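Asks: Residue numbers (this note's numbering): 71 to 452. We put the CB at the ideal spot given by N, CA and C, even for glycine. All values derive from a computational prediction rather than experimental measurement.
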């Protein structure tokens with residue numbers, strides 16, 4: 071392998087090798103191995119439409135430790151190997167080289183053939199400086215703003231597609247983040263996230279406080295080329311959990327628009343949990359003929375229409391068996407997404423799952439364009 075393909079490993083070794091003996095002694099290593107098997111059909115945008123299977127094997131290693139009284143680090147390395155006839159489809163060939171929109175390119179491909187596709191990356195890599203009331207983080211990190219489940223207008227640095235299969239995974243940003251905890255329940259956060267194009271760098275601040283049982287927050291800044299001002303809240307209203315977000319964005323691409331989400335959740339004593347959200351997306355289109363599918367598939371936007379409703383249901387069938395389901399209804403074109411899943415805990419550190427992502431709707435609709443997907447995974451934590 072060339073230096074170009076091995077440098078994530080070399081950088082990982084350099085980071086860990088630069089630690090002093092005291093830090094190495096306090097080094098904590100954890101992680102997981104995951105095997106994900108998927109069966110589906112390619113989209114009509116990448117003809118010919120082909121039924122495929124693909125198998126992903128991922129090793130995720132996490133290194134955490136202290137570098138003195140004030141400094142700590144968190145480095146997460148991943149290695150993935152993908153196989154199956156999906157590798158020969160036009161859909162995979164078109165998408166495999168799309169890189170995350172980040173300042174640093176921390177991913178490399180080390181195998182690209184008809185028999186397998188291998189890549190590795192630094193998923194997270196940052197240093198944390200913790201003072202009495204100020205916390206500073208530098209590097210590839212996840213900056214979690216907002217509290218909504220499916221759509222989060224405030225979480226603009228790490229947005230997620232609501233139908234994403236692995237919902238817990240976010241690309242992260244290369245940033246300097248400062249949190250000033252000036253009160254017991256109040257803080258002010260400031261972030262600068264670099265970009266290879268200076269005009270697309272992000273700068274933002276977020277003020278957060280807690281009052282009358284609710285978290286309240288204001289967010290403002292420039293995200294890529296867009297200027298945004300937002301407000302969000304989360305808290306308990308009686309026995310119901312409630313949350314809401316609203317933002318106003320000025321974009322050179324999409325003009326000025328508003329996005330808003332409101333949601334509620336309730337948990338029953340028998341482990342049944344219900345979550346519902348209603349979302350308005352002023353960036354989207356009411357007419358399916360104006361949908362921008364290329365921007366959706368490239369990750370530049372996460373939803374196409376203006377009005378949505380979504381829900382999440384979970385129920386502990388037994389102590390080791392969990393049933394959960396995500397569903398979304400596009401209220402403009404009436405297309406729908408339905409995703410039931412069964413999760414089995416084989417032991418304290420091994421779990422498995424089988425699930426379906428079912429899409430429905432008319433020709434040209436958002437979810438009617440997508441293809442049903444069947445999956446199973448096994449995950450071992452260590």
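Along the chain, where does the alpha helix (DSSP H) containing residue 96 start, and where does it finish?
Replies: Position 26 of the chain shown, counting from 1, holds the residue named residue 96. Neither: residue 96 is in no alpha helix (DSSP H) and is coded neither H nor E.
Asks: Taking the alpha carbon of residue 206 as the reference point, which residue from 403, 175, 245 has its own alpha carbon closest?
Replies: Taking the first residue of the chain shown as position 1, residue 206 is located at position 136. Ranking the options by Cα distance to residue 206, first place goes to 245.
Asks: Which same chain residues end up closer than 6 Å to residue 259 when comparing Cβ atoms and leaving out the 5 residues on each side of it in sequence?
Replies: Numbered from its first residue, the chain shown carries residue 259 at position 189. Counting only residues of its own chain and dropping the five nearest sequence neighbours on each side, residue 259 has a CB closer than 6 Å to the CB of 249, 276.
Asks: In angstroms with no decimal places, state the Cα-to-Cα distance between residue 217 and residue 332.
Replies: Along the chain shown, one-based indexing puts residue 217 at 147. Along the chain shown, one-based indexing puts residue 332 at 262. About 10 Å.
Asks: Just to confirm my understanding: we take residue 297, look at its own chain, exclude 5 residues before and 5 after, and list those with CB closer than 6 Å. What are they?
Replies: Counted from its first residue, the chain shown places residue 297 at position 227. Answer for residue 297: 320, listed in chain order.
Asks: Assuming residue 100 and residue 452 make a contact with CB atoms under 8 Å, what is their CB distance in whole Å?
Replies: By 1-based counting over the chain shown, the position of residue 100 is 30. By 1-based counting over the chain shown, the position of residue 452 is 382. About 7 Å separates the two Cβ atoms, so the contact holds.
Asks: Return the first residue and the last residue of the beta strand (DSSP E) that residue 265 is part of.
Replies: Within the chain shown, residue 265 is the residue found at index 195, counting from 1. Taken as a continuous stretch (DSSP letters only), residue 265 belongs to no beta strand (DSSP E), as it is neither H nor E.
Asks: Got a sec, what are the start and stop residues for the alpha helix (DSSP H) residue 160 sits in?
Replies: Counted from its first residue, the chain shown places residue 160 at position 90. Where residue 160 is concerned, the enclosing alpha helix (DSSP H) stretches over 160-165.
Asks: Under the three-state reduction of DSSP, which class applies to residue 366: helix, strand or coil?
Replies: Numbered from 1 along the chain shown, position 296 holds the residue referred to as residue 366. The answer is helix: DSSP assigns residue 366 an H, G or I state.
Asks: What residue from 203, 187, 204, 239 has the CA that sits closest to residue 212's CA?
Replies: Against the chain shown, residue 212 aligns to sequence position 142. Nearest of 203, 187, 204, 239 to residue 212, Cα basis: 239.
Asks: What does residue 208 pair with, by DSSP beta-bridge criteria?
Replies: Residue mapping note: residue 208 aligns to position 138 of the chain shown, counting from 1. Partner(s): 197, 246.
Asks: Any idea if residue 195 is buried or exposed, counting beta-carbon neighbours within 10 angstroms, 16 or more meaning buried?
Replies: Looking up residue 195 in the chain shown gives position 125. When all chains shown are included, residue 195 counts as buried.
Asks: Just the Cα atoms here: how many angstroms apart are residue 71 and residue 132?
Replies: Position 1 of the chain shown, counting from 1, holds the residue named residue 71. Position 62 of the chain shown, counting from 1, holds the residue named residue 132. Any reading at residue 71 must be qualified, since the residue scores a pLDDT of 42, below 50, and its modelled position is unreliable; the value itself is stated next. Each residue's alpha carbon lies about 24 Å from the other.
Asks: From the DSSP output, which residues share a beta bridge with residue 422?
Replies: Start at 1 with the first residue of the chain shown, and residue 422 comes out as number 352. For residue 422, which the question treats as bridged, DSSP gives the partners 414, 448.
Asks: Assign residue 165 to buried or exposed, taking buried as 16 or more other Cβ atoms, counted over all protein chains shown, within 10 Å of its Cβ.
Replies: Counting from one through the chain shown, the residue named residue 165 turns up at place 95. With fewer than 16 other Cβ atoms within 10 Å, it is exposed.
Asks: Of all the options 436, 188, 107, 281, which has the alpha carbon lying nearest to the alpha carbon of residue 367?
Replies: Position 297 of the chain shown, counted from the start, is the residue given in the question as residue 367. For the residues 436, 188, 107, 281, the minimum Cα distance to residue 367 belongs to 436.
Asks: Alpha carbon to alpha carbon, how far is residue 316 from residue 251? Give it in angstroms, no decimals.
Replies: Position 181 of the chain shown, counted from the first residue, corresponds to residue 251. Position 246 of the chain shown, counted from the first residue, corresponds to residue 316. Distance between the alpha carbons of residue 251 and residue 316: 24 Å.
Asks: Any idea what DSSP makes of residue 173, helix, strand or coil?
Replies: Counting from 1 along the chain shown, the entry for residue 173 is found at position 103. Here residue 173 sits in coil by DSSP.
Asks: Note down the Cα distance separating residue 362 from residue 201, rounded to an integer number of angstroms.
Replies: Working through the chain shown from its first residue, we reach residue 362 at position 292. Working through the chain shown from its first residue, we reach residue 201 at position 131. Put simply, the backbone Cα of residue 362 is about 46 Å away from that of residue 201.
Asks: Pull up the distance between the alpha-carbon of residue 343 and that of residue 266, whole angstroms please.
Replies: Locating residue 343 in the chain shown gives position 273, where the first residue counts as 1. Locating residue 266 in the chain shown gives position 196, where the first residue counts as 1. When rounded, the distance between both Cα atoms is 43 Å.
Asks: Near residue 119, which residues of its chain fall below 7 Å by C-beta distance, leaving aside the five closest residues on each side in sequence?
Replies: By 1-based counting over the chain shown, the position of residue 119 is 49. Closer than 7 Å at Cβ, skipping near neighbours: 111, 112.
Asks: Under the three-state reduction of DSSP, which class applies to residue 237: helix, strand or coil?
Replies: Working through the chain shown from its first residue, we reach residue 237 at position 167. In the structure shown, residue 237 sits in coil (DSSP, three-state: anything other than H, G, I, E or B).
Asks: Of all the alpha helix (DSSP H) runs that stay within the bounds of the stretch 318-389, which reach a length of 4 or more residues?
Replies: 363-368
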